[in-house]
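S.K.: Here my numbering is used: the first residue of the sequence shown is 2, the next is one more, and so on.
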Amino acid sequence: MRLARWLRQSQSLRGSDDWGYTVPKDFEGKGAGMKIGCVGCGYWGPNIVRNIIEIDPLMEVYIHDVNHKNLDLITRRFRQLIPVTSYEMLLKETGIEAVVIATPVETHFELTKEALEAGKHVMVEKPLALSVERARELASLAIEKKLILMVGHTFLFSPPVRTVKELIDNGEIGKVNLVAMDRINLGIHRRDCSVLWDLAPHDISILNFWIGEWPERISAIGRGYNHRTKPEVAFMTLDFPSGTLARITISWLSPGKLRRSTVIGSKKMVVYDDTASVEKVKVYDWGVNILEPKDYGEFQLSYRTGNITSPHIDNVEPLRLEILHFFDCVENGKKPLSDGEFGLQVVKVVEAAERSLNAGGVPVEIGKE
Numbered sequence: 002m003r004l005a006r007w008l009r010q011s012q013s014l015r016g017s018d019d020w021g022y023t024v025p026k027d028f029e030g031k032g033a034g035m036k037i038g039c040v041g042c043g044y045w046g047p048n049i050v051r052n053i054i055e056i057d058p059l060m061e062v063y064i065h066d067v068n069h070k071n072l073d074l075i076t077r078r079f080r081q082l083i084p085v086t087s088y089e090m091l092l093k094e095t096g097i098e099a100v101v102i103a104t105p106v107e108t109h110f111e112l113t114k115e116a117l118e119a120g121k122h123v124m125v126e127k128p129l130a131l132s133v134e135r136a137r138e139l140a141s142l143a144i145e146k147k148l149i150l151m152v153g154h155t156f157l158f159s160p161p162v163r164t165v166k167e168l169i170d171n172g173e174i175g176k177v178n179l180v181a182m183d184r185i186n187l188g189i190h191r192r193d194c195s196v197l198w199d200l201a202p203h204d205i206s207i208l209n210f211w212i213g214e215w216p217e218r219i220s221a222i223g224r225g226y227n228h229r230t231k232p233e234v235a236f237m238t239l240d241f242p243s244g245t246l247a248r249i250t251i252s253w254l255s256p257g258k259l260r261r262s263t264v265i266g267s268k269k270m271v272v273y274d275d276t277a278s279v280e281k282v283k284v285y286d287w288g289v290n291i292l293e294p295k296d297y298g299e300f301q302l303s304y305r306t307g308n309i310t311s312p313h314i315d316n317v318e319p320l321r322l323e324i325l326h327f328f329d330c331v332e333n334g335k336k337p338l339s340d341g342e343f344g345l346q347v348v349k350v351v352e353a354a355e356r357s358l359n360a361g362g363v364p365v366e367i368g369k370e
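1. Beta strand (DSSP E) containing L292: first to last residue?
2. Under a Cβ-count criterion, where at least 16 other Cβ atoms within 10 Å of its own Cβ denotes burial, should Y226 be classed as buried or exposed?
3. By alpha-carbon positions, which one of I185, K349, P232 and K336 ends up nearest to V123?
4. For the beta strand (DSSP E) that contains P256, what are its first and last residues?
5. Quick check on this structure: which residue in Q81, L150, H69 and S132 has the alpha carbon closest to the alpha carbon of R51?
6. Can you tell me whether DSSP reads N48 as helix, strand or coil?
7. Between which residues of its own chain and I291 is the CB-CB distance below 7 Å, once the five residues before and five after are set aside?
8. How would you write the range of the beta strand (DSSP E) that L302 sits in, first residue to last?
9. Determine, using beta-carbon pairs with one atom in the segment 186-197 and one in the segment 136-152, whether at least three such pairs fall under 8 Å.
10. If I'm right that A136 touches G344 with Cβ under 8 Å, what's the distance once you round it to whole angstroms?
11. Rounded to whole angstroms, what's the CA-CA distance from K121 to I97? Just pull it up for me.
12. Could you tell me how far apart the beta carbons of V351 and A235 are, in whole angstroms, since I believe they sit closer than 8 Å?
13. Return the first residue and the last residue of the alpha helix (DSSP H) that L239 is part of.
14. Are the beta-carbon atoms of E111 and I83 separated by less than 8 Å?
15. Counting only the same chain and skipping the five closest in sequence on each side, list residues whose C-beta sits under 6 Å from that of M182.
16. So who's on the other strand from A360, going by DSSP bridges?
17. Following the continuous beta strand (DSSP E) through Y63, name the residue where it begins and the one where it ends.
18. Using DSSP bridges, identify the partner residues of I249.
19. So, does the segment 346-361 touch the segment 207-221, judging by three or more C-beta pairs under 8 Å?
20. If the criterion is Cβ atoms closer than 8 Å, does the pair V106 and G38 meet it?
21. Report the rounded CA-to-CA distance for G361 versus H109, giving the unit in angstroms.
22. For the beta strand (DSSP E) containing C39, name the first residue and the last one.
23. DSSP three-state call for S1: helix, strand or coil?
24. In terms of alpha-carbon separation, which member of A277, E173, G257 and I149 lies closest to C330?
25. Any idea what DSSP makes of A130, helix, strand or coil?
26. Just to confirm the assignment, what range does the beta strand (DSSP E) spanning Y273 have?
27. Check each candidate in D199, P160 and L208 and name the one with the smallest Cα separation from A130.
28. Tell me the residue span of the beta strand (DSSP E) that contains R224.
29. Where K268 and E280 are concerned, what is the direct C-alpha to C-alpha distance, given to the nearest angstrom?
30. Measure the alpha-carbon distance for V348 versus R260 and round it to whole angstroms.
31. Among D57, M151, E118 and G288, which residue has its Cα nearest to the Cα of A103?
32. Put A116 into one of helix, strand or coil per three-state DSSP.
33. Once the 5 residues before and after C42 are set aside, which same chain residues still bring their CB inside 7 Å of it?
34. Determine the DSSP secondary structure at I174, reduced to helix, strand or coil.
35. Would you list the residues sitting across from T100 in a DSSP beta bridge?
36. Per DSSP, what kind of secondary structure is G153 in: helix, strand or coil?
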């Protein structure tokens with residue numbers, strides 16, 4: 002199989018081999034015979050193209066962007082790319098098996114639908130669509146066509162995020178009681194969506210990956226100051242069936258960049274700081290213990306402040322792992338970690354948050370499929 006030499010020489014990250022792959026250290030780039038189309042080469046698209054070419058410099062990569070300046074810039078940077086002047090031409094190109102879509106959010110539905118109807122496997126950037134109805138249609142279409150549909154929730158392939166999941170799964174931190182997440186920066190403002198649709202999918206997908214369940218209820222408040230009709234700041238509270246409570250803060254209006262999650266367990270606490278240059282994950286053997294009462298009616302607590310440790314984490318680019326996972330799913334018919342159903346569930350949570358925000362923060366129940 003053409004992906005065999007990529008994956009055979011790879012060392013899987015700690016945990017399940019089905020989760021992700023590292024890039025082979027001695028990969029020679031002899032070409033694997035796959036032809037792939039990439040749509041969108043503005044902000045995120047060039048990163049995708051770079052990773053594909055570094056995985057296999059001889060892979061045939063067809064590239065399209067409606068902005069001819071973007072198309073010209075990327076083909077100058079990567080000379081082996083094959084530019085295509087229209088999306089229709091790209092979909093009709095003989096031999097293209099899969100399409101990677103990295104375009105503005107408002108275009109995801111139409112472009113993904115056209116690709117699936119043309120018989121192409123699809124990896125589309127998050128969110129899958131801007132409504133539950135449209136996301137459900139895409140997920141159903143992929144199943145009907147027996148095609149791979151993967152949504153680009155890149156943080157699922159982040160080694161630090163994976164490390165936190167391992168700490169939760171192996172019981173080291175105990176039951177997860179609370180998760181507090183902050184994702185704030187000055188911009189980047191989007192014209193095609195609000196801060197909810199831009200940033201919230203990251204943390205919603207991470208929460209599901211860590212906890213293993215979707216929230217059943219959400220409340221949100223937010224404001225738009227420069228975009229009156231689109232929130233630039235939002236605060237969300239999510240209730241999970243197991244009793245876990247999560248708080249997410251997202252903002253385009255902050256003087257500094259913060260990407261931090263704090264997980265409060267019944268045994269230990271974990272802080273994941275994605276902006277840290279070293280020690281992105283720290284485990285705190287801290288907590289609160291209830292003491293045996295000496296007298297009737299007495300209630301005593303003791304605060305434990307033990308060791309702080311930082312586990313070793315593989316230094317691998319998450320996007321590289323994500324693309325390799327997509328190629329493996331296409332090659333071997335595997336179910337993606339973030340398939341159409343996963344993408345649909347994320348959209349359901351964001352849409353419920355939007356309804357709550359528009360209603361002034363009233364809690365909204367999140368329906369099950």
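Where a beta carbon is used, it is the ideal one built from N, C-alpha and C, also for glycine.
Computed from a predicted structure; not experimentally measured.
M.R.: Taking the definition as stated:
1. L292: member of the beta strand (DSSP E) spanning V282 to L292, first to last residue.
2. Exposed, by the Cβ-count rule.
3. Measuring from the Cα of V123, the nearest candidate turns out to be K336.
4. L254 to G266 is the extent of the beta strand (DSSP E) around P256.
5. Each of Q81, L150, H69 and S132 was checked against the Cα of R51, and the nearest Cα belongs to Q81.
6. Shown here, N48 sits in a helix according to DSSP, grouped into three states.
7. Taken in chain order, the residues that qualify are L302.
8. Element bounds for L302: Q301 to T310.
9. Contact between the segment 186-197 and the segment 136-152 is absent, because fewer than three Cβ pairs lie under 8 Å.
10. Contact flag correct, Cβ pair sits at about 6 Å.
11. Roughly 7 Å separates the two Cα atoms.
12. That pair is no contact at about 10 Å.
13. Taken as a continuous stretch (DSSP letters only), L239 belongs to no alpha helix (DSSP H), being part of the beta strand (DSSP E) at V234 to D240.
14. It is not a contact, given that the beta carbons lie outside the stated cut-off.
15. Here M182 has D204, I249 and S262 as same chain residues with Cβ atoms under 6 Å from its own Cβ, once five neighbours each way along the sequence are excluded.
16. A360 has no beta-bridge partner at all, per DSSP.
17. Start and end: E61 to H65.
18. In the DSSP assignment, the residues bridged to I249 are M182 and M237.
19. With the cut-off at 8 Å, the segment 346-361 and the segment 207-221 touch.
20. Against a cut-off of 8 Å, the Cβ pair of G38 and V106 comes out as no contact.
21. Roughly 29 Å separates the two Cα atoms.
22. Looking at the DSSP string, the run of the beta strand (DSSP E) that includes C39 is K36 to V40.
23. The question about residue 1 has no answer, for the chain in this structure spans 2 to 370.
24. If we check each option's Cα against that of C330, I149 comes out closest.
25. In the structure shown, A130 falls within a coil segment according to DSSP collapsed to helix, strand and coil.
26. Start and end: M270 to D274.
27. The shortest Cα separation from A130 among D199, P160 and L208 belongs to D199.
28. R224 -> beta strand (DSSP E) spans R218 to R224.
29. Going by the C-alpha atoms only, they are around 21 Å apart.
30. Rounded to the nearest angstrom, the two C-alpha atoms are 21 Å apart.
31. Minimum Cα distance to A103 is reached at M151.
32. Under the three-state reduction of DSSP output, A116 falls in the helix class.
33. Excluding residues within five positions, the ones whose Cβ falls inside 7 Å are V50, I64, D66, N71, L72 and I75.
34. I174 falls in the coil class under three-state DSSP.
35. Checking the sequence, you will find Val at residue 100 rather than Thr. Answer is G38 and V123, bridged to V100.
36. G153: strand per DSSP, three-state reduction.
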